[in-house]
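Under our numbering, the first residue of the sequence shown is numbered 125, with each subsequent residue one higher. Glycine included, every Cβ here is placed at the ideal spot set by N, Cα and C. To start, the structure under review is shown below, and the notes come after it.
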Amino acid sequence: MSSATTMNDSFGRTMRDLRVSITDRCNFRCMYCLPETEEAANFYRGKFDALKNPKPTLTPIVREWKPKSALLSYEEIERVVRVAVGLGIEKVRITGGEPLLRRDVPELVARLAPIAGIRDLAMTTNGSQFASQAVALRAAGLKRVSFSLDSLDPDNFKRITGRDGLRAVLAGITQAKAHGFAPVKVNAVVIRGLNDHELERLAGFAREQDVSFRFIEFMPLDSGRAWLRDLVVPGREILARLQASFDLCPVVSENKSETAKRWTFADGRGELGIIAPVTEPFCGHCNRLRLTADGKIRTCLFSLHEHDLKPLLRGQADDAGLAARLREIVLGKEARHHIGEPGFQQPERTMSCIGG
Ligand code: SAM
Ligand code: SF4
Numbered sequence: 125m126s127s128a129t130t131m132n133d134s135f136g137r138t139m140r141d142l143r144v145s146i147t148d149r150c151n152f153r154c155m156y157c158l159p160e161t162e163e164a165a166n167f168y169r170g171k172f173d174a175l176k177n178p179k180p181t182l183t184p185i186v187r188e189w190k191p192k193s194a195l196l197s198y199e200e201i202e203r204v205v206r207v208a209v210g211l212g213i214e215k216v217r218i219t220g221g222e223p224l225l226r227r228d229v230p231e232l233v234a235r236l237a238p239i240a241g242i243r244d245l246a247m248t249t250n251g252s253q254f255a256s257q258a259v260a261l262r263a264a265g266l267k268r269v270s271f272s273l274d275s276l277d278p279d280n281f282k283r284i285t286g287r288d289g290l291r292a293v294l295a296g297i298t299q300a301k302a303h304g305f306a307p308v309k310v311n312a313v314v315i316r317g318l319n320d321h322e323l324e325r326l327a328g329f330a331r332e333q334d335v336s337f338r339f340i341e342f343m344p345l346d347s348g349r350a351w352l353r354d355l356v357v358p359g360r361e362i363l364a365r366l367q368a369s370f371d372l373c374p375v376v377s378e379n380k381s382e383t384a385k386r387w388t389f390a391d392g393r394g395e396l397g398i399i400a401p402v403t404e405p406f407c408g409h410c411n412r413l414r415l416t417a418d419g420k421i422r423t424c425l426f427s428l429h430e431h432d433l434k435p436l437l438r439g440q441a442d443d444a445g446l447a448a449r450l451r452e453i454v455l456g457k458e459a460r461h462h463i464g465e466p467g468f469q470q471p472e473r474t475m476s477c478i479g480g
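Spelled out as structure tokens, the structure:
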């Protein structure tokens, strides 16, 4: 039912979850997101040899980041979040690019954490800079963090992310646990031929470390536009592999908007989840909105159109005007994505700018 205090779309979905990207920059170059070279972007063409054999064959991809003036300030982000929370948003996730590359992120957390109505304030990070900021982020009011970790093999980690960062990410996870972030989640994008041989090892890590590990299907949001259906390891296949190795008990959830199907280990330590947006879409229950670092609202990961809030934020609009605009935007939210269908168009904006 429509109400002036919530954001409802034309399919009866009410928005509860806002993901806020605070920078488009990243210090990693994950092949499935923001590949560093033409060879990495085209990894599916079996060019791993070129990656092992450095220098002359590696053709760098030149990137342009948004200038600082194009990014929303922390004041502007806080304002959008306050207004959105006034319209029913309960969950807020800070993301990027790599969010911790932006200065003074604890200051933003401290602005958002006290907003009455936010039930859940979280962050998604590649973890490379987390260890040194864990204390400040926790003190500022961040409660939950999700790390990205696609491999436990230092060489494969470097091949996937373009950086020698495994040790720093593991240190970040250790610090998150030590400083009371709970639950600590870890996400891996599973790609056939790239890291699917590590599934069982990553699941074992979840139990050893007592963390919640999510396996995510590869989506066509990579800047290299290398996505191919054959590279997607379907959620069902992931589950069958995990069930063959571990004694798993399904977790029954009341929350229909939850994207992950979850399992606990029989001994109760750690948790596994599978997020299968490609082979088992959950669009029908989607309650998410996304705010990009440059102030655009995206109503779907796969939106071909964005809605710029900057003219309102930097113009004369008051909060009521901003709220009215948000409600209007949500009315146009897409019914679902069309991955794999004829005519599917990959959006111009890639995951590195949308933030997951
Ligand atoms: N840099 C941070 C990180 O890596 O956690 C936050 C931004 S990143 C874009 C957010 C999430 O999107 C990560 O968990 C990443 O693995 C995931 N991601 C990036 N590209 C993806 C793709 N093509 N398909 C599925 N997930 C992807
Ligand atoms: Fe950076 Fe995250 Fe994309 Fe990797 S997934 S390139 S860490 S934004």
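| Query | Result |
| --- | --- |
| In the structure shown, what three-state DSSP assignment does I106 receive? | Lying outside 125 to 480, the shown extent of the chain, residue 106 is not represented and no answer is given. |
| Whose C-beta lies closer than 6 Å to the C-beta of R149 among residues of the same chain, with five residues either side of it excluded? | W189, G221 and L225 |
| Going by the CB atoms, is the gap between R243 and A214 shorter than 8 Å? | A small fix is needed here, since residue 214 is Glu in this sequence, not Ala. Closer than 8 Å, so yes. |
| What does DSSP give as the partner residues of V269 in its beta bridges? | M247 and V308 |
| Taking contact to mean at least 3 C-beta pairs separated by less than 8 Å, is the region 157-165 in contact with the region 426-446? | no |
| Could you tell me if P401 is buried or exposed, where buried requires 16 or more neighbouring beta carbons within 10 angstroms of its beta carbon? | buried |
| Starting from D279, follow the beta strand (DSSP E) in both directions and report where the run begins and ends. | Not the beta strand (DSSP E): D279 falls in the alpha helix (DSSP H), residues P278 to T285. |
| On the three-state DSSP scale, how would you describe A174? | Bear in mind that a pLDDT of 45 at A174, under 50, signals an unreliable position, so the number given afterwards is only what the model happens to contain. It is helical. |
| May I ask which residues mark the beginning and end of the beta strand (DSSP E) holding T416? | Where T416 is concerned, there is no enclosing beta strand (DSSP E), given that its DSSP letter is neither H nor E. |
| Measure the C-alpha to C-alpha separation of E231 and L318 and round it to an integer number of angstroms. | 38 Å |
| Is DSSP giving C373 helix, strand or coil here? | strand |
| Assess contact between the region 296-312 and the region 244-254, defined as three or more Cβ pairs (one per stretch) separated by less than 8 Å. Is contact present? | yes |
| Regarding V308 and the ligand SAM, is the C-beta to nearest heavy atom distance less than 7 Å? | no |
| Given this structure, state the Cα-to-Cα distance separating L366 from F135, to the nearest angstrom. | 35 Å |
| Run the CB neighbour count on T422, radius 10 Å, all protein chains shown included, and call it buried at 16 or more, exposed below. | It should be pointed out that residue 422 corresponds to Arg in this sequence rather than to Thr. Under this definition R422 is a buried residue. |
| Sorry if obvious, but does the Cβ on L158 come closer than 7 Å to a heavy atom of the ligand SF4? | yes |
| Quickly, what does DSSP pair K385 with across the bridge? List them, please. | I398 |
| Buried or exposed: which applies to G467, given that a residue is buried once 16 or more other Cβ atoms fall within 10 Å of its Cβ? | exposed |
| Once the 5 residues before and after I453 are set aside, which same chain residues still bring their CB inside 7 Å of it? | I421, T423 and H431 |
| Between the region 308-318 and the region 355-365, are three or more C-beta pairs nearer than 8 Å? | yes |
| Cβ of S476 versus every heavy atom of the ligand SF4: is any distance shorter than 7 Å? | yes |
| Suppose you measure from the CA of N411 to the CA of M247; what does that come to, to the nearest Å? | 18 Å |
| Got a sec: does the ligand SF4 put a non-hydrogen atom nearer than 7 Å to the Cβ of N250? | yes |
| Run through the DSSP bridge pairs and tell me what E231 is partnered with. | Per DSSP, none; premise fails for E231. |
| What are the start and end residues of the beta strand (DSSP E) that includes I463? | It is not in any beta strand (DSSP E) - I463 carries neither H nor E in the DSSP assignment. |
| Count the CB pairs spanning the region 449-465 and the region 389-400 that are closer than 8 Å, and state whether there are at least three. | no |
| Is F339 near the ligand SF4, judged by its Cβ being under 7 Å from some heavy atom? | no |
| Less than 8 Å separating the beta-carbons of S197 and G479? | no |
| Among the candidates V233, L363 and K385, whose CA atom is the shortest distance from the CA of D320? | L363 |
| Quick check on the DSSP output: the beta strand (DSSP E) that includes S134 runs from which residue to which? | Looking at the DSSP string, S134 is not in any beta strand (DSSP E), and its letter there is neither H nor E. |
| Quick check: does the Cβ of M343 come within less than 7 Å of any heavy atom belonging to the ligand SAM? | yes |
| For D141, list the residues DSSP reports as bridge partners. | K215 and R412 |
| With hydrogens ignored, establish whether the beta-carbon of R422 is closer than 7 Å to any heavy atom of the ligand SF4. | no |
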